[in-house]
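In what follows, a single structure is set out as structure tokens and then discussed.
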Amino acid sequence: QVQLVESGGGLVQPGGSLKLSCAASGFASRIVDMKWYRQAPGKERELVATITSGGDSTNYADSVKGRFTISRDNAKPTVYLQMNSLKPEDTAVYYCNAVYYRNSYWGQGTQVTVSS
């Protein structure tokens, strides 16, 4: 059974940092690209960051470039999203995603709230 479990969300002040984790189980996550998405209230879900299976290539939404870093540890296996210089507009539920044999899998999401 494929499972993606996010953790690490919370309330942080503007300019602060958080590190999200996504623990993968039930499939060979090391062979697939992994992604972080987010969805703010009243908005569509948007792609935030992607990392290739080997971790050698990453991509980011323009809105988070230079502030967020995606990484992975295939030995655990876990995907991370380090978020620095957080802004109120980063407030959203953050989801981990993997496409495995044409099936798209999602975690339950973790809430990130940036507010003073």
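My numbering applies: residue 33 is where the sequence shown begins, and numbers increase by one.
For glycine and all other residues, C-beta sits at the position ideal for the given N, C-alpha and C.
Keep in mind that this is a model prediction, so the values were computed, not measured.
- Going by DSSP, residue 146 is part of the beta strand (DSSP E) stretching over 142-146.
- By DSSP's assignment, residue 104 forms a beta bridge with 111.
- Nearest Cα to residue 91 within the set 119, 99, 81, 55: 81.
- By the Cβ neighbour-count rule, residue 83 is buried, with 16 or more other Cβ atoms within 10 Å of its own.
- Beta-bridge analysis with DSSP links residue 118 to no other residue.
- Closest in C-alpha terms to residue 86, from the list 98, 64, 96, 101, comes 64.
- A distance below 7 Å separates the beta carbons of residue 144 and residue 41.
- Straight-line measurement puts the Cα of residue 101 at about 17 Å from the Cα of residue 125.
- Nearest Cα to residue 133 within the set 48, 120, 46, 61: 61.
- In this structure, residue 118 sits near residue 48, with a CB-CB distance shorter than 7 Å.
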